[in-house]
Amino acid sequence: MSLFQYRASTLGIQLEETLQELLKEGVIDLELSDFIRKHFDKAMMYVLNKWVKDKPTIKGKLKHYQNLDNVWSFYILSPEIRVSNHSLPVSISEPLKIVACENKIVSEFKLEKKKMRNK
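Rendered as structure tokens:
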């Protein structure tokens, strides 16, 4: 299962623009571009899982939620986000969309990485 939510981040958008430019100039081919995108998604999941320890608290009115292929989407109106008990809450005027998925892909990435080290 391939998930693309990290490609909508600033880093993901910049990566996509760079890949498109390299494809246009003929520096890389489509296969390498797809390989880079796939590993970007896996690396983002791995890094966030390993380094982000703070757990945010989100309050707001739940407008809609859905589960499709083990990917949850939550739409929250008037969200208020607090990263830790000591931080000030951040209020957002626009609706917030949260996408959550299984940790299965991160686990697969760790196994793949261990296999590469053992070779």
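Residue numbers for the sequence shown follow our numbering, beginning at -18 and rising by one.
We put the CB at the ideal spot given by N, CA and C, even for glycine.
The structure displayed is predicted, hence computed values, not measured ones.
DSSP on residue i, reduced to helix/strand/coil?
i      : result
N51    : coil
E61    : strand
I9     : coil
K31    : helix
M(-18) : Its pLDDT being 41, under 50, M(-18) is placed unreliably in this model, and the value from its coordinates should be taken loosely. Note: M(-18) maps to coil in three-state DSSP.
S72    : strand
G(-7)  : helix
Would you call residue i buried or exposed, if buried means 16 or more other Cβ atoms sit within 10 Å of its Cβ?
i     : result
P60   : buried
L49   : exposed
D15   : exposed
T(-9) : exposed
K23   : buried
L69   : exposed
L0    : buried
So residue i and residue j are supposed to be a Cβ contact under 8 Å. How far apart are they, rounded?
i   : j   : result
H45 : Y56 : 4 Å
L3  : I9  : 5 Å
D35 : V71 : So it is not a contact: roughly 13 Å between Cβ atoms.
I62 : I39 : 5 Å
For residue i, write down the residues that DSSP places opposite it in a beta bridge.
i   : result
I39 : I62
L77 : I57
Y46 : F55
Between residue i and chain C, is any beta-carbon pair separated by less than 9 Å?
i     : result
I(-6) : Structure shown: chain C not included; a single protein chain is present.
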